[in-house]
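In what follows, a single structure is set out as C-alpha cells and then discussed.
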C-alpha cells in the first residue's frame, strides 16, 4: 500500500486501504486523513465516504466532553 502511494500518489484505493488499516489500529485521525485523500482522487468511491463517516463519528465521540 505504501509503495502504491509512493509510485502512484493519486491511487485512491491505496488511501482507502491505508485508512481502513489505520482505523483498525485505533489511529482514527490518520485514517481520516487517508480517507480525505481517497475522496480527493476518486470522489465516487462510496467505501471511502462510508469509512470517513464512521471515523468522523468516532472522532466526534472521542472529543465529546462526556467521553470516558
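Numbering (my numbering), first residue to last: 6 to 73.
Yeah, the Cβ is synthetic: ideal placement off N, Cα and C, and Gly gets one too.
- A distance of 8 Å or more separates the beta carbons of residue 40 and residue 18.
- Non-local C-beta neighbours of residue 9 in its own chain, meaning closer than 7 Å and more than five positions away in sequence, comprise 16, 19, ordered along the chain.
- Assigned with DSSP and collapsed to three states, residue 13 falls in coil, not helix or strand.
- Our two residues, residue 47 and residue 26, have alpha carbons roughly 19 Å apart in a direct line.
- With contacts defined as CB atoms closer than 8 Å, residue 36 and residue 44 fail to qualify as a contacting pair.
- Taken through DSSP and simplified to helix, strand or coil, residue 69 comes out as coil.
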